[in-house]
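First residue of the sequence shown? That's 92 in our numbering, and the numbers climb one at a time after it. Take a look at the structure set out below.
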Amino acid sequence: MSTVQISAADVNKLRQQTGAGMMDCKKALVEANGDFEAAVDYLRKKGAKVAASRQDRESNEGVVIAKATADGKRGIVLELNCETDFVAKNADFVALANKFADLAIDANPADLEALLALDLDGVKVSEVIIDNTGKIGEKIGISKYEVVNGEKVVPYIHGNFRLGVLVALSQDFDGAAEAGKDVAMQIAAMSPVALDKADVDPRTIEREIEIAKDVIRAEGKPEEMVEKIAAGKLNKFYKDSTLLNQEFVKDGSVDVRKFLDNTSKGLTVSAFKRIQLGA
92 MSTVQISAAD
102 VNKLRQQTGA
112 GMMDCKKALV
122 EANGDFEAAV
132 DYLRKKGAKV
142 AASRQDRESN
152 EGVVIAKATA
162 DGKRGIVLEL
172 NCETDFVAKN
182 ADFVALANKF
192 ADLAIDANPA
202 DLEALLALDL
212 DGVKVSEVII
222 DNTGKIGEKI
232 GISKYEVVNG
242 EKVVPYIHGN
252 FRLGVLVALS
262 QDFDGAAEAG
272 KDVAMQIAAM
282 SPVALDKADV
292 DPRTIEREIE
302 IAKDVIRAEG
312 KPEEMVEKIA
322 AGKLNKFYKD
332 STLLNQEFVK
342 DGSVDVRKFL
352 DNTSKGLTVS
362 AFKRIQLGA
């Protein structure tokens with residue numbers, strides 16, 4: 092029996108993320124001894140309604156900016172947070188985020204720590220953030236920063252600065268920007284966890300297999316069929332969750348891999364990044 096105290100706030104947080112009932116969430120947290128991720132797995136195994144993504148998580152406000160260099164060989168995406176939607180929609184706040192993004196494009200910092208150490212108009216970015224916290228009256232900060240390099244990097248911003256995507260294509264050609272935008276919109280809408288099957292974190296694969304097996308057994312399927320059915324479910328996970336294997340949203344008759352090859356022979360995605368506000 093769990094000795095961990097489960098608070099109403101914990102139960103409500105799990106309910107908001109998964110859509111499961113209050114009592115189911117409380118039981119899951121008790122069974123998981125307060126471990127949130129284990130409680131999510133418990134609910135999935137029991138067949139309770141669980142959201143496929145983390146989009147409904149409690150999050151801060153702010154904006155996401157994605158930009159590429161003039162030659163299209165490098166792109167950056169960053170998230171600048173604030174406390175309220177009112178500030179996030181303010182033109183000055185968006186302009187500040189764009190200043191940070193432009194600086195990152197020009198100076199090419201390797202990571203968030205390096206970006207915060209850069210000078211912007213003679214003042215370190217970290218100090219600019221502190222100064223603007225005082226001016227705005229809300230806590231602000233850069234929470235995420237990613238860089239992508241490639242033959243053709245295409246940036247895309249969706250939903251009034253609430254989601255940013257970078258797509259690196261393996262070729263640069265007339266029409267590459269349009270193809271890249273199509274793929275970026277796919278990434279924004281479908282939120283792939285990896286580029287291809289081989290890029291999926293082994294821990295994610297193990298987790299999906301374990302959950303699939305438990306669900307199959309709970310359905311009363313014979314043990315000799317469990318491995319085969321679980322393998323089928325894993326293949327569906329790859330199709331739904333890896334970019335190149337996803338059904339192309341603009342043409343359901345092909346997957347993203349085939350769309351790219353049809354656009355230009357041998358064309359593929361070499362890398363991508365997706366940052367969603369608060370996720």
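Note that the Cβ used here is the ideal one computed from N, Cα and C, for glycine as well. Here the structure is a predicted model, which is why all the values come from computation and not from measurement.
Item to check | Close beta carbons around residue 329, own chain, < 6 Å, minus the five adjacent residues each side | outcome: 288, 336
Checklist entry - Given that a residue counts as buried once 16 or more other Cβ atoms are within 10 Å of its Cβ, and exposed if not, what is residue 98? => result exposed
Item to check | Integer Cβ distance of residue 136 from residue 306, believed to fall under 8 Å | outcome: 6 Å
Checklist entry - residue 456: buried (16+ other C-beta within 10 angstroms of its C-beta) or exposed? => result No information on residue 456 is available, as it lies outside the stretch 92 to 370 that the chain covers here.
Item to check | Nearest to residue 360 (by Cα), restricted to the options 245, 315, 173, 199 | outcome: 245
Item to check | Contacts around residue 308, its chain only, beta-carbon distance under 8 Å, and the 5 residues preceding and following it disregarded | outcome: 314, 317
Checklist entry - Distance, Cα to Cα, residue 271 vs residue 265? => result 11 Å
Checklist entry - Apart from the five residues just before and just after residue 235, which ones in its own chain have a Cβ nearer than 7 Å to its Cβ? => result 169, 170, 366
Next on the checklist: For a quick check, are the C-beta atoms of residue 196 and residue 158 less than 8 Å apart?
Outcome noted: yes
Checklist entry - What residue ranges within the stretch 248-303 form continuous alpha helix (DSSP H) runs of no fewer than 4 residues, ordered along the chain? => result 267-281
Item to check | Local conformation of residue 150 per DSSP, three classes | outcome: Note that residue 150 has pLDDT 37, beneath the 50 cutoff, so the model's placement of it is unreliable and the number below is only indicative. Note: residue 150 maps to coil in three-state DSSP.
Checklist entry - When you compare only the Cα positions, how much space is there between residue 352 and residue 358? => result 5 Å
Next on the checklist: Out of 172, 331, 221, which one is the CA nearest neighbour of residue 291?
Outcome noted: 331
Checklist entry - Taking Cβ to Cβ, would you say residue 286 is nearer than 8 Å to residue 364? => result no
Checklist entry - Which residue's Cα is closest to the Cα of residue 278: 298, 204, 229, 248? => result 248
Checklist entry - Start and end of the alpha helix (DSSP H) containing residue 235? => result Where residue 235 is concerned, there is no enclosing alpha helix (DSSP H), although the beta strand (DSSP E) it sits in stretches over 232-240.
Checklist entry - Buried or exposed: which applies to residue 283, given that a residue is buried once 16 or more other Cβ atoms fall within 10 Å of its Cβ? => result buried
Checklist entry - Using the beta-carbon count (16 or more within 10 Å), is residue 327 buried or exposed? => result exposed
Item to check | As assigned by DSSP and simplified to three states, the class of residue 345 | outcome: coil
Next on the checklist: Does residue 371 come out as helix, strand or coil in the three-state DSSP assignment?
Outcome noted: Here the chain covers residues 92 to 370 and nothing more, so residue 371 does not appear.
Item to check | Three-pair Cβ contact test at 8 Å for the stretch 181-196 versus the stretch 205-213 | outcome: yes
Checklist entry - Whose C-beta lies closer than 7 Å to the C-beta of residue 280 among residues of the same chain, with five residues either side of it excluded? => result 340
Next on the checklist: I'd like to know whether the C-beta atoms of residue 113 and residue 102 end up nearer to each other than 8 Å.
Outcome noted: yes
Next on the checklist: Taking the alpha helix (DSSP H) that residue 168 belongs to, which residues open and close that run?
Outcome noted: Element bounds for residue 168: not the alpha helix (DSSP H) but the beta strand (DSSP E), 165-173.
Next on the checklist: As a quick exercise: from 311, 213, 321, pick the residue whose alpha carbon is nearest that of residue 299.
Outcome noted: 321
Next on the checklist: Helix, strand or coil for residue 201? Go by DSSP, reduced to three states.
Outcome noted: coil
Item to check | DSSP state of residue 328 mapped onto helix, strand, coil | outcome: helix
Checklist entry - How many Å lie between residue 267 and residue 252 at the Cα? => result 23 Å
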